Structure formats: structure tokens, C-alpha cells
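Colleague: I have a structure I would like to understand better, so I am pasting it below and will then ask my questions one at a time.
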Amino acid sequence: MEGGWRFPFNDVVEVNLHSSFVQFAGDKGANQASAQAVNPHGPSSPLWLSKVPAPQARAFLYGEEIMNIRRNQQDMSILTQYQEAFESGDKEQLDALIHDDCKFYPHVAGAVMTKSDITAFAGMGAVRSEARRVLFENDEVGVTHSIAHFANGSTSEAVLAFFRFKDGKIIHVETGATPLSDDYKLIGQ
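Going by the numbering used here, the sequence shown opens with residue 29, and the numbers climb by one from there.
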């Protein structure tokens, strides 16, 4: 079929709910990070399956939905759990998600934070995020993006964060940010 992508139903071999990527037996590029690895026809194809993590996995056969699996709370990604626990100040949940040897390298003035620094900072209302998205997550690394607003009057920023995991917990965090204003100001520096 011109412009489409067809596959026999028995070719579906796995749905990885941790990252929500549908993989196919004949898909040699399924483990690549590119969305084109799943469907080289791109998002205009009626059978487009995104490589971007999402809260559900869906597969289509000749235009008919054959699989629709939604993640529940206990299947929630480490990063989604972390974001929610940080915003709410759930120190018990943060303790379960953050490795004891974790180092957090925020984009501000060479600072380095430890697990105890992160849990102490959580839920204080000093930073509020919106439009939080997990862009990628597997068993080794994860990437998030959000818009951060600061209670101290610093300029809001678009923040990209990189995470590494060890033993199923966050062991390394590094952020980069883009100010959302031409008259950028960072309070407290």
C-alpha cells in the first residue's frame, strides 16, 4: 500500500510499557531512539507509531486498533513518580526513588546537590513546574522537559533534565535551562 505500513498480526512481539514503545519482529531499528525506526513513513502515515514515551501503547492492524494498553499508577515511570513526589514534597517516595549516592548538578553556578539536599528542597514551593513531560526513559537513562517557575522572582525557564539510574533508582541528575524572558534575572546569585 502506497504511503502505509502493513504487517501481519503475528509480527507484533512486544509492547514495552516502561517506555511505551511498540516493537515488531521485523523492525530492525526498534531499539534506536529515532521515531523513524518504527515507521519510516513518518507521522503523516495512518499507522504511525511514535517512539516518544506516552502513558499508553497502541497498535493498529489495517487501520483497526488491535491493542490499547494504558499504564496504571504502579506501572508509572520512575521519572513521573519522581516529578510528582518532588512537587508534593513526598519525602518517603523520594527516598524510595533516589539512590543514596545520587548527585544532582543543576545548571546554576556549579552547584552539586545530594539526596538529602533534594529531599529537603522538595515540596517547599520554591519551584513549581508545568508542562512536565518524560521525553525518554529506559532502565539506564531518562530525559524530562518542563517549564519551571520560581517563587523568589527568578525568570521562568524551560528546563531539560538528564537522569541516570542505578539499581532502579535515580543516581545522577543534570539540568540545562533556557530563560523564557529577554530580561533574564536569577535571584540569589
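Built from N, CA and C at the ideal position, the CB exists for glycine as well.
Quick caveat: nothing in here was measured; it's all calculated off a predicted structure.
1) Of the choices T147, T206 and A124, whose alpha-carbon is the least far from that of K197?
2) Spatial neighbours of P207 within its chain, please: CB distance less than 6 Å, with the 5 preceding and 5 following residues excluded, ordered by chain position.
3) Could I get the ranges of all uninterrupted beta strand (DSSP E) runs contained in the segment 138-203, with 3 residues as the minimum, in chain order?
4) On the three-state DSSP scale, how would you describe D123?
5) Check for me: the alpha helix (DSSP H) holding Y110 runs from which residue to which?
6) Classify Y133 as helix, strand or coil using the three-state DSSP reduction.
7) Less than 8 Å separating the beta-carbons of A176 and S157?
8) Classify V155 as buried or exposed, calling it buried when 16 or more other Cβ atoms lie within 10 Å of its own Cβ.
9) Looking only at its own chain, which residues have a Cβ that is under 6 Å from the Cβ of G117, when we skip the five neighbours before and after it?
10) Quick one, are the C-beta atoms of H173 and C130 less than 8 Å apart?
11) If you reduce the DSSP assignment to three classes, tell me which class D128 lands in.
12) According to the neighbour-count rule (16 or more other Cβ atoms, all chains shown, within 10 Å of its Cβ), is K56 buried or exposed?
Modeller: In terms of the structure at hand:
1) Along the sequence shown, one-based indexing puts residue 197 at 169. Of the candidates T147, T206 and A124, the one whose C-alpha sits nearest the C-alpha of K197 is A124.
2) In the sequence shown, the residue the question calls residue 207 occupies position 179. The beta carbon of P207 sits closer than 6 Å to those of T183 and E185, all from its chain and outside the five residues before and after it, given in chain order.
3) The DSSP assignment places 155-165, 169-178 and 185-194 as complete runs of the beta strand (DSSP E) inside the segment 138-203, in order along the chain (cut-off: 3 residues).
4) Your numbering for residue 123 matches position 95 in the sequence shown. Residue state, collapsed to three classes: helix.
5) For the purposes of this step, residue 110 is identified with residue 82 of the sequence shown, where counting begins at 1. I106 to S116 is the span of the alpha helix (DSSP H), which, as asked, contains Y110.
6) Residue numbering aside, residue 133 sits at position 105 when the sequence shown is read from its first letter. Here DSSP, grouped into helix, strand and coil, assigns Y133 to strand.
7) Along the sequence shown, read from residue 1 onward, the residue named residue 176 stands at position 148. Along the sequence shown, read from residue 1 onward, the residue named residue 157 stands at position 129. In this structure, A176 lies near S157, with their beta-carbon atoms less than 8 Å apart.
8) In the sequence shown, counting from the first residue as 1, residue 155 sits at position 127. When all chains shown are included, V155 counts as buried.
9) Here residue 117 refers to the residue found at position 89 when the sequence shown is read from its first residue. Taken in chain order, the residues that qualify are A150 and G151.
10) Within the sequence shown, residue 173 is the residue found at index 145, counting from 1. Within the sequence shown, residue 130 is the residue found at index 102, counting from 1. If you check the CB distance, H173 and C130 do not come in under 8 Å.
11) For the purposes of this step, residue 128 is taken as the residue at position 100 of the sequence shown. It is a strand residue.
12) Residue numbering aside, residue 56 sits at position 28 when the sequence shown is read from its first letter. Model confidence at K56 stands at a pLDDT of 47, short of 50, so the residue's coordinates are unreliable; what they give is reported in the following sentence. Sixteen is the threshold: since fewer than 16 other Cβ atoms of the shown chains lie within 10 Å of the Cβ of K56, the residue is exposed.
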